[in-house]
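What follows is a single structure, written as structure tokens, with notes after it.
In the numbering used here, the protein residues as written are 1 to 340.
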């Protein structure tokens with residue numbers, strides 16, 4: 001497979017710049033996974049698409065204010081830092097934007113504290129060693145790391161968090177979950193749907209398209225994921241009783257499929273807490289996920305490949321063309337699909 005086969009044209013006017021208000025007022029395209037039939041709804045209608053005994057799986061990761069601004073200690077040149085993953089108490093893997101940022105260089109933050117570039121990696125990545133743990137100061141120094149295609153100012157940073165976020169560590173939001181409200185989740189639970197949680201801290205691949213010409217040549221970055229025993233049991237119970245496992249977003253899907261790869265024949269998923277480098281593209285055999293709630297994703301992205309593996313490339317791209325004709329909004333603050 002060539003990555004060019006997973007391209008499509010999207011004029012800028014389709015890229016959502018602000019979130020829907022209220023959250024569950026976003027539009028929802030429903031697609032039958034086996035039939036390919038498409039209908040159009042409001043996101044709040046998703047409760048009517050779930051049945052008693054289903055398991056709805058949420059990624060409870062929380063975005064940190066990961067974008068920092070710094071200057072080079074020697075020259076005063078400006079540097080932009082995007083924290084990606086913790087590598088120790090004071091060490092972080094980060095994307096660093098700025099000219100000629102070399103190992104050993106000192107960078108100063110707005111409060112006068114600083115960090116040292118401990119190592120230079122590829123694609124603009126650096127290992128940064130901060131003078132002291134920075135976590136407690138991120139709220140003061142950092143900004144919410146909105147994707148580069150969003151240009152409007154976000155007045156309320158909580159709008160780039162899900163209402164159920166609690167485990168800090170992501171450089172981006174699990175955007176399919178942005179559409180849920182507490183009232184909608186209560187309505188879903190009242191129907192007898194099991195609501196389970198997992199964690200996947202979203203990192204570098206969210207920000208970078210696939211550049212390899214052939215899909216199989218792409219090296220996906222690993223991300224930390226976790227599914228605890230109680231939530232694994234809830235998912236296994238739902239599956240054993242004939243319910244569907246519905247992943248809210250590609251990150252929940254990736255976590256569930258990683259957990260399924262670890263499981264034995266007696267269970268759908270197994271608890272785990274580890275790095276996952278699972279790369280899902282057409283030809284993948286799904287083990288846990290029966291249905292998915294997801295946004296409309298970037299061309300040539302690993303997320304588009306995952307959805308192509310779930311419903312087929314041609315059917316997915318046809319759905320995206322239908323979404324454009326209907327005026328759907330795309331990407332992080334855009335509308336959603338229910339595939340199942």
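The beta-carbon is built from N, C-alpha and C at its ideal position, and this holds for glycine as well.
Terminal residues of the continuous alpha helix (DSSP H) containing residue i?
i, result
"residue 140", "138–141"
"residue 310", "302–311"
"residue 188", "182–190"
"residue 256", "250–261"
Determine the burial state of residue i: buried for a count of at least 16 other Cβ atoms within 10 Å of its Cβ, exposed for fewer.
i, result
"residue 161", "buried"
"residue 100", "exposed"
"residue 168", "exposed"
"residue 121", "exposed"
"residue 251", "buried"
"residue 315", "buried"
"residue 152", "exposed"
"residue 26", "buried"
"residue 145", "buried"
"residue 97", "exposed"
"residue 242", "exposed"
"residue 165", "buried"
"residue 326", "exposed"
"residue 238", "buried"
Please classify residue i: does DSSP put it in a helix, a strand, or coil?
i, result
"residue 69", "strand"
"residue 57", "strand"
"residue 146", "coil"
"residue 169", "strand"
"residue 86", "strand"
"residue 288", "coil"
"residue 391", "Nothing can be reported for residue 391: it is not among the residues displayed for the chain, which extend from 1 to 340."
"residue 63", "strand"
"residue 324", "helix"
"residue 316", "helix"
"residue 106", "strand"
Between residue i and residue j, is the Cβ-Cβ spacing less than 8 Å?
i, j, result
"residue 235", "residue 293", "no"
"residue 43", "residue 28", "yes"
"residue 63", "residue 173", "yes"
"residue 15", "residue 149", "yes"
"residue 280", "residue 305", "yes"
"residue 285", "residue 200", "no"
"residue 19", "residue 159", "yes"
"residue 24", "residue 180", "yes"
"residue 47", "residue 178", "no"
"residue 31", "residue 319", "yes"
"residue 197", "residue 54", "no"
"residue 10", "residue 330", "yes"
"residue 89", "residue 133", "yes"
With a threshold of 7 Å on Cβ separation, who are the neighbours of residue i within its own chain once the five nearest residues in sequence on each side are excluded?
i, result
"residue 108", "70, 71, 73 and 114"
"residue 269", "227, 232, 235, 236, 256, 259, 260, 263 and 288"
"residue 143", "65 and 67"
"residue 52", "191, 192 and 193"
"residue 202", "61, 170, 171, 172, 174, 223 and 251"
"residue 324", "14"
"residue 77", "71, 98 and 99"
Grab me the residues of residue i's own chain with a C-beta within less than 6 Å of its C-beta, minus the 5 sequence neighbours each way, in chain order.
i, result
"residue 218", "210 and 212"
"residue 87", "93"
"residue 271", "227, 228, 229 and 232"
"residue 295", "175, 176, 334 and 336"
"residue 204", "84 and 221"
"residue 300", "3, 6, 7, 209 and 210"
"residue 56", "193, 195 and 246"
"residue 308", "282 and 316"
"residue 39", "30"
"residue 332", "147 and 175"
"residue 187", "47"
Would you give the residue range spanned by the beta strand (DSSP E) that residue i belongs to?
i, result
"residue 125", "125–130"
"residue 337", "336–339"
"residue 98", "Note, residue 98: premise wrong, no beta strand (DSSP E); not H, not E."
"residue 196", "194–200"
"residue 3", "Here residue 3 belongs to no beta strand (DSSP E), and DSSP marks it neither H nor E."
"residue 223", "223–227"
"residue 41", "38–42"
"residue 20", "No beta strand (DSSP E) holds residue 20; DSSP gives it neither H nor E."
"residue 268", "Careful: residue 268 lies outside any beta strand (DSSP E) and carries neither H nor E."
Might you give, ordered along the chain, the residues of its own chain that have their beta carbon closer than 8 Å to the beta carbon of residue i, omitting 5 neighbours on each side?
i, result
"residue 111", "137, 140 and 141"
"residue 91", "118, 127, 128, 129 and 130"
"residue 313", "5, 6 and 282"
"residue 124", "95, 96 and 97"
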